[in-house]
Every structure is written in C-alpha cells, then in structure tokens.
Amino acid sequence: MLQNKKIVLGVCGSIAAYKAASLVRLLVKAGAEVQVVMTPDATGFITPLTLSTLSKKTVLVEYSNTETGEWNNHVELGLWADFMLIAPVSANTLAKMANGQSDNLLTAVYLSAKCPVYFAPAMDLDMWKHPATQQNIRQLQSYSNIMIPPGNGELASGLYGEGRMAEPEAIVSFLTAEIKKMLPLVNQKILVTAGPTYEAIDPVRFIGNHSSGKMGFAIADQFAAMGAEVILITGPTAQTSQQSGIKRVDITSAADMLEACLQYYKDVKACIMSAAVADFTPVNVSPQKIKKQDKDLNIELKKTTDILKTLGEQKHKGQILVGFALETNDEEKNAIDKLQRKNLDFIVLNSLNDEGAGFKTDTNKITIIDHHLQKTTFQLKNKNEVAKDICKKVAELIKA
Ligand code: CTP
C-alpha cells in the first residue's frame, strides 16, 4: 500500500522522537519515499543525521540551508507529498497547527499541504488531558486532519496513562488501512484467470500452449493495487504475484479451471478470463507411460467446455465479464463474434500480427471492444501498463 508513496514526516520535540527512527525505517521498508522535516526542538532528542541516514534524504529543519544558501521551499514540499504524517506531534506544535501559526519550517509545510494530514500526539498525561489540548485536537479534526490516537502506558514523567505516541508498527498499520479505504476497488471481489492449461496424455506427457501467465498476473496485481480482493486461478506458470493478499488457486487442466471458476464466479463483481484454456483434451488418458511403437500414434481429442461462454450464460445483473481474443486473421470480426457469443461486457483483442503482442513477450498491444461495439486501440505497452488500461475500464464499469 505504501509503495512509491511520498510522505512528509514531521518530527517534533518530544521524548517519543526517538521512535521516529523505527518509523522511518518501516516506511522506507514498505517502499515509501520519506522526507523528514524536524522542528528545531526535535533535533535535541534525535539527530538529523540518524533520520537522514534511514530516509536516504537530507533532513530539513530550517527555511534555508546556511551552507548552500538554498531555500527549503515549504510550498513545494506541501504539494510534493501524497500525505503528511506528524509523529510525534507535541502539545506545542498541535497548538500552532490548530491556530495557523507558522514559526518554523514544519508548521509552514503543514499550512501549505494540500494532501491528507495524519498526526500522532505524544505528551504527558496532564498536558494530554488539558482542555486546551483537547480543543486543539478537535480543531485539527475539523480541518479533516486525522489523529492516530496515543496509547496508554508509562510516560517519560513517570505518570501512567494516555499520551504515549502510538508504536511505529501501529502507525504504519493505521496508514495502510487509511490508504486502502481510499482505493477505487475496495470491497470489490474480482476473479482473474491466467496461464496455460495442461491436458494430460499419460503420466509424463501433456498438450499445452505457450502462455506465460504474465498478462493475467499483471492484471491480478493491478486489481490488488486498486484495493480489490483478488482470486487468481492459474495454470502451470513460473509467475509470482507482486502484490500481497491475492488468493492464488493453482490448477492444471481445463476441467480443473472450469471447476475452480464455477466455485468462485457467483460471488465476484467481475471476472477477467485471460487464461489460454485448451480447446481440446485427450479422450483417454493412459494410466501408464505410452511406449514407443513402430507405428504412428493417434490421440483422439474431445472439446473442452468453453469456460467463458459458461460464465456468460450464468452472468447475473451487475456482474462484469471480460474475455480475451488472440487472433491471426479477421481480428475484429472474430473478436466481436466472441464478445457477443459469450455475453461479455468487453473483449481484449490482441493480434499475433502485431510485433511485441501475444504470448511470452513483456509487452502487448490491445484493442478493447465493448458490448456497444465501441473500439479503443492502445499503443504497444509493457504488460503492467496494459493491465492498468484493462483494470481502469473494469473500474469504470463497476462505478457506472
Ligand atoms: N476460453 C475459455 N474456455 C475455453 C477456451 C477459451 O474460457 N475452453 C476463453 C479464453 O480464456 C479467452 C476467450 O475464451 O478469454 C477466447 O479464447 P479463444 O480460444 O481465442 O476463443 P475460442 O472461443 O475458443 O475461439 P477460437 O479458438 O475459434 O479462436
């Protein structure tokens, strides 16, 4: 969730400032880019050197860098951030924020920030309980700033009670949950299929195809990044998911894939069938390895069930079904035929005549045709970017 997120982390003068070191480490580990801004008082509790080493960025304290004469532009910092986190925030800085005072770089960045702001208070029990502090917190909440509440426990003064800054792990979990809430496909369940199927001939041989699974895995990753709950049914492949939380179901044959799809399909909002399912399977599977013979070997094949067509017949109101068409000739005509025959909301067409499209490559060139026969052709792109185009279209249909 925090991957590539730009975070301004404000650190104030409080004994809890030492926890900023683990907080920076956890945020960076989660893939965030962290710009630390400290109040002058905070530097008495933890050194800028510690936090710049962990964040791999110069820590900013003053409006200008006295050595280089450069100005630390608070407006730019406020615009750069995806969100601002002030942890720990002292009673003093809370009061300044609530009243729009900007007598240091951190409070000036706060006033310039257009992004969501989170604050994690840290102070002694009596300061925390004081009506002025509570009033300041309400004031910040009225500006839509979000508090990460302090915990209970032993305080630096020796008092026991509320006021301890939330632990760095709890702050990271809080932010992760908040970001998730803002994602466009949160609470949506989506089924994606990927890879080839293998149709057994005997215990050692099978009929397969060249599908690498890259496209389907990229789609599953993209949906997960958009907050969806993803079920990925995949044939044999070396691919792995980049996003966490994707439920992976491994299958081998077209019959296995049909069974798995039927199990999950009824509960999902959308299904993207990108697997290269075998159209034919051997009538008989030899229980023993077939031995070499003098004569030629004929393997009788029967048709597999068209999974996409079956799902199209069962589609309920509001459900979105997407198929793929990999064509070599009469591309659009064939794709439209599949779109209508299989009751799809849209079909993703790729032609083997386009260089860089199809199986095994890292790129793809697609045309999306929807059920109004509206056509959108995209440039040759990396499969992750193609996945974004496909998932964006699904998200638009879900919202519509
Ligand atoms: N598909 C499926 N079940 C099958 C075969 C294909 O669900 N047994 C799905 C694929 O996942 C893909 C779409 O159908 O989304 C198109 O696959 P394709 O094999 O190209 O289409 P067919 O309808 O089988 O037509 P043809 O083989 O004649 O091109």
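In the working numbering, each residue's number is its place in the sequence shown (first place is 1) plus 3.
Cβ atoms here follow ideal geometry from the backbone N, Cα and C, with glycine treated the same way.
Nothing here was measured: the structure is a model prediction, and the numbers come from that model.
Check your understanding: Would the C-beta of Met276 count as close to the ligand CTP, meaning under 7 Å from any of its heavy atoms?
Key -> As a working note, residue 276 is residue 273 in the sequence shown. Result yes, Cβ under 7 Å from the ligand CTP.
Worksheet item: Can we count Ile369 as close to the ligand CTP, meaning its CB is less than 7 Å from some heavy atom?
Response: For the purposes of this step, residue 369 is taken as the residue at position 366 of the sequence shown. Between the ligand CTP and the CB of Ile369, the shortest heavy atom gap is not smaller than 7 Å.
query = Looking only at C-alpha atoms, which of Gln137, His133, Met260, Ala20 sits nearest to Gly47?
reply = Here the question's residue 47 lines up with position 44 in the sequence shown. Closest option to Gly47, Cα to Cα, is Ala20.
Other residues of its chain near Leu261: CB distance less than 6 Å, five sequence neighbours each side excluded
Here residue 261 refers to the residue found at position 258 when the sequence shown is read from its first residue. Leaving aside the five residues that flank Leu261 on each side, the residues in its chain whose CB is nearer than 6 Å to its CB run, in chain order, Thr308, Ile310.
Enumerate in chain order the residues of its own chain whose CB-to-CB distance from Ile204 is below 8 Å, with the five nearest sequence positions on each side excluded. In the sequence shown, counting from the first residue as 1, residue 204 sits at position 201. Counting only Cβ-Cβ distances below 8 Å, and skipping sequence neighbours, we find Ile210, Pro285, Val288, Ser289, Ile293, Ile302.
Query - Three-state secondary structure (DSSP) of Ile371 - result: For this step, residue 371 is matched to residue 368 along the sequence shown. Collapsing the DSSP output to three states places Ile371 in a strand.
- Examine the ligand CTP and report whether any of its heavy atoms sits within less than 7 Å of the Cβ of Ala328. Start at 1 with the first residue of the sequence shown, and residue 328 comes out as number 325. Flag set: Cβ of Ala328 near the ligand CTP.
The alpha helix (DSSP H) spanning Gln142 covers which residue range? Stepping through the sequence shown from its first residue, residue 142 is reached at position 139. For Gln142, the uninterrupted alpha helix (DSSP H) run begins and ends at 134-145, by DSSP.
Quick check on DSSP: helix, strand or coil for Leu28? Counting from one through the sequence shown, the residue named residue 28 turns up at place 25. It is Arg, not Leu, that sits at residue 28 in the sequence shown. DSSP places Arg28 in the helix class (H, G or I) of the three-state scheme.
Exposed or buried, what is Gly230 when buried is set at 16 or more other beta-carbons lying within 10 Å of its beta-carbon?
Mapped onto the sequence shown, residue 230 falls at position 227. Around the C-beta of Gly230, 16 or more other C-beta atoms lie within 10 Å, and the residue is accordingly described as buried.
message: On a Cα-Cα basis, can you pick out the residue from Ser256, Asn190, Asn212, Asp259 that is closest to Val233?
response: As a position in the sequence shown, residue 233 is number 230, starting the count at 1. Considering only alpha carbons, the answer is Asn190.
The beta strand (DSSP E) spanning Glu232 covers which residue range? What you label residue 232 is simply residue 229 of the sequence shown in a count that begins at 1. Per DSSP, the continuous beta strand (DSSP E) segment holding Glu232 begins and ends at 232-237.
What residue ranges within the segment 211-281 form continuous beta strand (DSSP E) runs of no fewer than 3 residues, ordered along the chain? Within the segment 211-281, the complete beta strand (DSSP E) runs of at least 3 residues are 232-237, 250-253, 273-276.
* Using 7 Å as the cut-off, classify the Cβ of Lys298 as near or not near the heavy atoms of the ligand CTP, replying yes or no. => Counting from one through the sequence shown, the residue named residue 298 turns up at place 295. The answer is no for Lys298.
| query | Does the distance from the C-beta atom of Thr366 to that of Leu383 stay below 8 Å? | reply | Reading the sequence shown from its first residue, position 363 is the one you call residue 366. Reading the sequence shown from its first residue, position 380 is the one you call residue 383. Between Thr366 and Leu383, the CB-CB gap stays under 8 Å.
Does the ligand CTP have even one heavy atom less than 7 Å from the beta-carbon of Lys318?
-> For the purposes of this step, residue 318 is identified with residue 315 of the sequence shown, where counting begins at 1. Checking the Cβ of Lys318 against the ligand CTP gives no.
| message | Is Lys341 close to the ligand CTP? I mean its beta-carbon at under 7 Å from any heavy atom of the ligand. | response | In the sequence shown, residue 341 corresponds to position 338, counting from 1. Under cutoff, so the answer is yes.
Within 8 Å, do at least three Cβ pairs link the segment 212-228 to the segment 253-269? No, the segment 253-269 does not touch the segment 212-228.
- prompt: With C-beta atoms as the reference, is Phe327 less than 8 Å away from Lys306?
  reply: As a working mapping, residue 327 is identified with position 324 in the sequence shown. As a working mapping, residue 306 is identified with position 303 in the sequence shown. Judged by beta-carbon spacing, Lys306 lies beyond the 8 Å limit of Phe327, meaning their Cβ atoms are not closer than that value.
What do you reckon, are the CB atoms on Thr331 and Met276 nearer than 8 Å? Along the sequence shown, read from residue 1 onward, the residue named residue 331 stands at position 328. Along the sequence shown, read from residue 1 onward, the residue named residue 276 stands at position 273. Against a cut-off of 8 Å, the Cβ pair of Met276 and Thr331 comes out as no contact.
Report task. Take every Cβ of the segment 159-171, pair it with every Cβ of the segment 18-33, and state whether three or more of those distances are shorter than 8 Å. Result -> With a cut-off of 8 Å, the segment 18-33 and the segment 159-171 count as touching, because enough Cβ pairs lie within range.
I'd like to know whether the C-beta atoms of Asn76 and Glu65 end up nearer to each other than 8 Å. To locate residue 76, count along the sequence shown from 1; it is residue 73. To locate residue 65, count along the sequence shown from 1; it is residue 62. Going by C-beta atoms, Asn76 is not nearer than 8 Å to Glu65.
Buried versus exposed call for Glu358 [16 or more other C-beta atoms within 10 Å across all chains shown]: Walking along the sequence shown from the start, residue 358 turns up at place 355. Glu358 is exposed by the Cβ-count criterion.
Quiz item: If you draw a straight line from the alpha carbon of Ala279 to that of Ala398, how long is it in whole angstroms?
Solution: In the sequence shown, residue 279 corresponds to position 276, counting from 1. In the sequence shown, residue 398 corresponds to position 395, counting from 1. Between Ala279 and Ala398, the C-alpha separation is close to 23 Å.
*Are the beta-carbon atoms of Cys15 and Thr96 separated by less than 8 Å?*
For the purposes of this step, residue 15 is taken as the residue at position 12 of the sequence shown. For the purposes of this step, residue 96 is taken as the residue at position 93 of the sequence shown. Judged by beta-carbon spacing, Thr96 lies within the 8 Å limit of Cys15, meaning their Cβ atoms are closer than that value.
Work out the CA separation of Thr380 and Lys298 for me, nearest whole Å. As a position in the sequence shown, residue 298 is number 295, starting the count at 1. As a position in the sequence shown, residue 380 is number 377, starting the count at 1. Inter-residue distance for Lys298 and Thr380 is about 50 Å (C-alpha atoms, whole angstroms).
Could you pull out every residue in the same chain whose Cβ sits closer than 8 Å to the Cβ of Phe177, ignoring the five residues on either side in sequence? Position 174 of the sequence shown, counted from the first residue, corresponds to residue 177. Contacts found: Tyr121, Ile151, Ala169.
Exercise. For Leu400 versus Ile323, is the C-beta distance shorter than 8 Å?
Worked result: By one-based count along the sequence shown, residue 400 stands at place 397. By one-based count along the sequence shown, residue 323 stands at place 320. Contact flag set, yes.
message: Using a Cβ-based criterion (distance less than 7 Å to any ligand heavy atom), does Val195 qualify as near the ligand CTP?
response: Translated into the one-based positions of the sequence shown, residue 195 becomes position 192. Flag unset: Cβ of Val195 not near the ligand CTP.
Query raised in the report: Is there at least one non-hydrogen atom of the ligand CTP closer than 7 Å to the beta-carbon of Ala257?
Result: Indexing the sequence shown from 1 puts residue 257 at position 254. Under cutoff, so the answer is yes.
Notebook entry, point to check: So what does DSSP say about Phe349, is it helix, strand or coil?
Noted result: Locating residue 349 in the sequence shown gives position 346, counting from the first residue. Correct three-state label for Phe349: strand.
Nearer than 7 Å: is that true of the beta carbon of Val280 relative to any heavy atom of the ligand CTP? The residue given as residue 280 occupies position 277 in the sequence shown. The ligand CTP has a heavy atom closer than 7 Å to the beta-carbon of Val280.
_Buried versus exposed call for Tyr201 [16 or more other C-beta atoms within 10 Å across all chains shown]_ = Position 198 of the sequence shown holds residue 201. Buried: at least 16 other Cβ atoms inside 10 Å.
Where Ser67 sits in the DSSP three-state scheme:
Residue numbering aside, residue 67 sits at position 64 when the sequence shown is read from its first letter. The answer is strand: DSSP assigns Ser67 an E or B state.
Distance CB(Thr92)-CB(Ala123) smaller than 8 Å
One-based indexing of the sequence shown puts residue 92 at position 89. One-based indexing of the sequence shown puts residue 123 at position 120. Per the sequence shown, residue 92 should be read as Val rather than Thr. Result yes, Cβ atoms of Val92 and Ala123 sit closer than 8 Å.
Which of helix, strand or coil DSSP assigns to Thr61: Start at 1 with the first residue of the sequence shown, and residue 61 comes out as number 58. Secondary structure of Thr61 (DSSP, three-state): coil.
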